[in-house]
Every structure is written in C-alpha cells, then in structure tokens.
Amino acid sequence: MVDKQKVDTGFVMDFAQLSKKDVEIAGGKGASLGEMTQAGISVPPGYVVLTAAFEQFLDETDLRQVIRAELAKVDQNAVHTADHASEQIQNLIKKEEVPENIKIAILASFKELNTTYVAVRSSATSEDCADNAWAGQLDSFLNTTEDTLLENVKNCWASLFTPRAIFYRIEKGLQESHVSVAVVVQKMVESESSGIAFSVHPVTEDYNQLIIEAGFGLGEAIVSGSITPDSYVIEKEPRKIIDINIAEQKKGIYRKLNQGGNEWRDISAVEGSKQVLTDEQILELSELILKIENHYSFPCDIEWAFEKGVFYIVQSRPITTLQQHAEVENLVDQLKNIEWVSDWSVASPVIDICTAPGTYYNGLHELFGVSISNVLITYRDGVASAKLSLPEYNYLGKVLAEKVQNIDFVRKWADNFKVSADKVMSRIQVTPEKLLEEMPPMNIYWKYGAYNVATKTVFNFLPDDFSEESKKLLEEARKYSETFYVDNSRVLSEMFKIIASKSGYATELVFMMTRDEIEHFRDNQILPDKNVLINRRKRSGMYLHDGKMQFLSGEEVDEVEMNLIHEFNGRELYGQTAYRGIVSGRCRIVQDFSNADIQEGEVLVTGMTNPNSVPLMKKVSAIVTDGGGVLSHAAIVSRELKKPCIIGTKIATHVLQDGDLVEVDADNGVVRVLDRVT
C-alpha cells in the first residue's frame, strides 16, 4: 500500500484536473484528454505524468548537457547522424532509474485507476497543435501492466529523441526551443473495434463531410497502415451516411491472453468480411465526433475505440493538413479615402498578399510603407478568382463592379465577407443555372478551375527597399493564395443540386452520373436509368481504362479488384488518392526502412510507411503503397508534406522494381509505368 502522505502531487495530475490550457505541463495529448473529460466526452479515465517529472529526471541524472551535445552533432542532410544521436540518447535515458519520489507518484495514481492494463502514450509540449503535429513521431505502449509501467514511462521519455522526432524538431525549427514530454497513462479499452475519424474529409476538404475508418481489434493496425479498414463518409447537414466501403480484414491486433502486450490474430473470412460498424453505430459515432469538433471549434483528427456498446475517445488533435480558408478582417475600418482600381495587374498583388492568414488588411501599411486603405479592388474583371477558367464568374464580377460603387453595399458585404462558394452562391443564385446551361463539353470535376497566380507581377509591385521580413511574409502569402479563391467543387455541387431538382432524382444519385450522362442531360434533357445509378451507389467504383473512366458496381467491382491483384498490364496500376498531384520519378522499393537508401526525388513504393520512415518520406517526390486507408500513416504524412500519394494499390511492391520510371497521377489514383529497367 502506497503512503499517500509520501506522494508528491507535483508530478501527476488526473485528466479531470487538466484542460487545453495545460499543454506546457501535460503536453498536447494530455491537455486534450483533460479538456474532453471536463467537457463530458466519453474518455477512458487516466492521468498524466507531467513534464516536471521528466525535467527532474534529466536534472538528477545529469543527462541534459549530454543530450544537447549529441543533438548538436546531427546533420539534417545525413540520416545516419540522427540515428547515432538517437541511439546514444535513448540508451542513456533507458538505463537510468526513475527518481523515487516520481516512481511513488506514478504507481499511486495507477492504483487509483483500479485496472490491470493501461495505454502509455508520449505527449510532447508542442504536440497536437496546428503548427506542430507530433502525431506519430513519439511512441505509445498499449496493454501495459504495473510491472512494465515505469519502463514504458522511460520509453516514452526516450521517444522524444527517436530519429524521426529529432528530424521533426529540425523540420519545424524547434532546435533552439525547449521541447519537453509528458506521459499519458490511460485505462485500456479492450476494443472490439476501433479506428480513426476526421471531422473534415481530408482529401476532398469538404467541411460538410466527416470520414470514419474502422477495423476489428486495436486501432494501431489502422494507424500503421497494416490493414485496409472500412471507411464511412457522413454528411453533417443533413446528417446521413453517403458512402460505405467495406474492406475484408484478415488479421487484427489484440491483447495477449492473460498477459500484457499485443499480438496479431487471424480473423475468419466470415467475420472479416462484415461491416465493422452498423449504420446506427456510424451515426452515433458521428454525433460524438461533431460534439468534439464543435467544442474545439476546429476540424479534429480523432482516435476512437468501441467496447461493450460504448464509444470511447482516446485521442483528439487538430487536423494539420487542410488548406487554410482565407477570411478578410476589419475591411470596413480600412474603407477611407478610397481610390478605385480597375486594373487587375495592380489589384492582383494586393489580393495575393491579403490571402495570408493574419495579414489581410490589418497591418498591411507596415508591409508596404503606405496605407493599404487607399486601394480597393472593384473586381471589374472577375471576383477574387479572375484567373479561374469558369467564365461564369465574369458575371459575378460585373455585378460586384456595379454594386461596389455604393459604399453601403461594401460595408454590408464586409461585415461577414468570406471567400467561399457557399456565400457567393447565396448572393448570385443564377450562376449555377448558367453554369449548367453553358457548360462546355469537358471533363467536369477535375478540369474546371485551374489557375496560376503570377508571382512576378507581385514582386514588380513592391518598392525597391522591400525588407527581407516582408519578402518572407509575401512567400507565406503565396502559399495560401490558392485557398483565397472560390472552391469550384462547391459551385459544381450547386450545379448537381439543380440537376437533381429538375430531374426529380436525389442529389446522391446525380453524383453517380458520368460526364457523358450529364452532358446528355444538358443537351437533350434525357437521364440515365434510375436503377443504374442506385446500383452504382450501392457498390461502385471508377475504372480507368484506355483513357476512359467507367463506373462499375456489384460483382463487377469485385472482379476488377481480383484482376488487379493477379493481372498487371505492365503499364498502369490503380489505388486511392491520399494527396493530389502529378509527378514523375524513378521507383525505390522499400520493405525495411531501417537500412533504406533513398535518393532525392525518387518515388517511394512500399507496403506501408511507418513513423520511422518520415525522414525518408521528406526526400521523395511521391509515395505509393500497397495498403492503407485515407487516414493511414502514409496518407496523413503525405498531406502534411504535400507530396502526391496513392494508397491501396495492393500490388505496387510486387510489380514495380527499383529504377522503373513512373508517373504518379494522384489526381486520378493512377501509377503509369513510363520506362522499365532491364
């Protein structure tokens, strides 16, 4: 029995005592779990070994200076230097004893949980914030027992210095910052099923959709990309399931029987082919996901577990890979001494500068040395996105050009101005109709809306003494310029809704129409058979063959999947887009990342990435995997690194070889072989 009078309470805190303000002492993960606990969200009970424990451990063992010296030897261009430093530092941490007062506090809190098994997770002080996503950089230890608890706490401390974490610190410019680590100790959920959820779809970036991935057993199988999970897409308003993809699961991770630790177990064909969550459970979990998103007021990346009829949340953090949606602030206060500008060549640079979050009109006079309030764009040649290929937006530009002459209109517009198609459409209701009527015969979804802002024009606009700091700000603005313009997919969604209203078909069925069918409806008012669209929706897939996209359903999809595994035409293989883009490069097949030799610009082809592969992923031009879902490790990291990524090809590592020249077309989920090595 632990004497409570001897317990130093400065080293541990229960979740219920923590909130999102406590990142400095509990790390991002610990603070988030505390915040959700206080918000009444279903979180398994637990506590946090605070950063104070780690700091005292370093002081009492005299490791601090040794660690600094080892980190100073790391060359970010030489992976082996990080490997060596990591090995040295981690060995030093693991061989030291936990100070007695810290040990007593950790074990006393474990006793109060009244459980046998816990999850032990690292929680860095700069973790789980939108700027520094440490997800996957530090370690977790599931099904830990009292006997292995202190050992795994030290392992979590040591994981702050894995090669991937060292490189991540360098990548994020944290070398000179003080990064510490807390440790989460949480009652283990014996998961019947588990998975990941994003409260905003990470590929389509549709804020009215969330996505859930689910598998049998522990969620580590999904996070690591070792299995391809079920995926469910849910529309938020109105709340409904709009897509279900069931993946056969042949194995899962479970707790070892009558002992700690985990093991892989085979799952029967009958059980593994079942839908992991029922429709009712999907909607129930969706409610919980939205509750979390609404509480935090930002999109969330959530890990969940299901046991005995109850969903539990074991992690939540911001989604770090979404494009930032620009918003204009305090425009009204700047509308003084207006000088009208109609020439886009002058207006465009101002618009581009205004796209960087936090810059906008506030403070821009410091940037240019003149008051930006003297300039107001009339949008005469287009609204915000004059470079977009949709000529229909010229109509919007003309309307605004007329309306902007009235300062009252400008003030009303500025009160709640957000550049999003939702609000544009609420003002110009005729545009989708016009879009449908005059739609040119071209590929609808993936060829509308391409544009490129001319950076040279921006620099020509700047004074000669433009400071380096301001140029850096301009570069940040350039990164965000794409998000300022109207999201065409939302305009096209409005077009699909109009087709639905004119045809009497549900919008979900209209989304199943091919380009040719939409054009046929436009020209002849003739629709495809409704049953055909229903069958596509039940079990549908897109099959690209000889440059033509075909929709398949039911057994046709199963047949194509089998053919993809057993037959390869030598030219193309197919998967799921995790991050869009098109690049070409030589293949590098990697099965073991511990001794992989990857050159800059190569295409990484692997079964699935893992946290140890992150430094190498930064060197490649694109990523192709055999397995995984859109929330797998490869998918998440590729979006953060902004590298084209195709997942779930099933056979890439079997049919491609080192040196093959390929084109990774992640816009369409196709890997094309351009040249084979002999």
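Take 611 as the starting number for the sequence shown in the numbering used here and just add one per residue.
Think of the CB as a built atom: it goes at the ideal place given N, C-alpha and C, for glycine as much as any other residue.
Computed from a prediction, not measured in an experiment: that's the story for all the values here.
{"Asked": "Check the DSSP bridge columns for F826 and list the partner residues they point to.", "Found": "S803"}
{"Asked": "Quick check: what's the CA-CA separation for S790 versus L717?", "Found": "22 Å"}
{"Asked": "Below 8 Å between beta carbons: does that hold for V795 and V659?", "Found": "yes"}
{"Asked": "Looking only at its own chain, which residues have a Cβ that is under 7 Å from the Cβ of L1251, when we skip the five neighbours before and after it?", "Found": "M1227, K1228"}
{"Asked": "Quick one: grab the DSSP three-state call for L752.", "Found": "strand"}
{"Asked": "For E706, which option in L723, A715, F720, D669 has the closest C-alpha, if you only look at C-alpha atoms?", "Found": "D669"}
{"Asked": "Alpha carbon to alpha carbon, what distance is there between L702 and A679?", "Found": "13 Å"}
{"Asked": "Apart from the five residues just before and just after D1275, which ones in its own chain have a Cβ nearer than 6 Å to its Cβ?", "Found": "I1192"}
{"Asked": "Can you give me the start and stop residues for the beta strand (DSSP E) that P928 sits inside?", "Found": "920 to 928"}
{"Asked": "The beta strand (DSSP E) with A915 in it runs from where to where?", "Found": "910 to 917"}
{"Asked": "Between which two residues does the beta strand (DSSP E) holding E1182 run?", "Found": "1182 to 1184"}
{"Asked": "What residues are listed by DSSP as bridge partners for W874?", "Found": "I863"}
{"Asked": "When we look at the beta-carbon of N904 and count the other beta-carbons within 10 Å, is it buried (16 or more) or exposed?", "Found": "exposed"}
{"Asked": "Given that a residue counts as buried once 16 or more other Cβ atoms are within 10 Å of its Cβ, and exposed if not, what is L867?", "Found": "exposed"}
{"Asked": "Just to confirm, are A1188 and V622 a CB contact at a threshold of 8 Å?", "Found": "no"}
{"Asked": "Going by DSSP, what residue range makes up the beta strand (DSSP E) through Y817?", "Found": "Element bounds for Y817: n/a, residue is neither H nor E."}
{"Asked": "Could you tell me whether the Cβ atoms of A626 and D632 are closer together than 8 Å?", "Found": "no"}
{"Asked": "By the DSSP assignment, the alpha helix (DSSP H) with N711 in it spans what residues?", "Found": "710 to 723"}
{"Asked": "Would S803 and G825 qualify as a contact pair, given that the criterion is a beta-carbon distance under 8 Å?", "Found": "yes"}
{"Asked": "What separation, rounded to the nearest whole angstrom, lies between the Cα atoms of I863 and S1248?", "Found": "25 Å"}
{"Asked": "To the nearest angstrom, report how far apart K1112 and I822 are at their CA atoms.", "Found": "33 Å"}
{"Asked": "Looking only at DSSP bridge pairs, what is L1271 linked to?", "Found": "R1196, D1285"}
{"Asked": "Return the chain-ordered list of same chain residues with a C-beta closer than 7 Å to the C-beta of Q666, the five sequence neighbours on each side being excluded.", "Found": "P709, I712"}
{"Asked": "Could you please give me the residues that DSSP links to F808 through a beta bridge?", "Found": "I821, D911"}
{"Asked": "Spatial neighbours of E1210 within its chain, please: C-beta separation below 6 Å, excluding the five flanking residues on both sides.", "Found": "K1229"}
{"Asked": "T1288 and G835: beta carbons closer than 8 Å?", "Found": "no"}
{"Asked": "Rounded to whole angstroms, what's the CA-CA distance from G1217 to E897? Just pull it up for me.", "Found": "34 Å"}
{"Asked": "Cα-Cα, which of M646, P909, N765 is closest to Y817?", "Found": "P909"}
{"Asked": "Which residues mark the beginning and the end of the beta strand (DSSP E) in which V730 is found?", "Found": "728 to 734"}
{"Asked": "When we look at the beta-carbon of V1213 and count the other beta-carbons within 10 Å, is it buried (16 or more) or exposed?", "Found": "buried"}
{"Asked": "With DSSP collapsed to three states, give me the class of A1188.", "Found": "strand"}
{"Asked": "Taking the continuous beta strand (DSSP E) assigned at M646, which residues delimit it?", "Found": "Run containing M646: none in the beta strand (DSSP E); it sits in the alpha helix (DSSP H), 633 to 648."}
{"Asked": "What does the alpha-carbon distance come out to for the pair V730 and Q1267?", "Found": "39 Å"}
{"Asked": "What residues are listed by DSSP as bridge partners for M623?", "Found": "V658"}
{"Asked": "With a threshold of 16 other CB atoms inside 10 Å of the CB of G919, please say whether the residue is buried or exposed.", "Found": "exposed"}
{"Asked": "Of the residues S732, A695, I651, A915, which one's Cα is nearest the Cα of I832?", "Found": "A915"}
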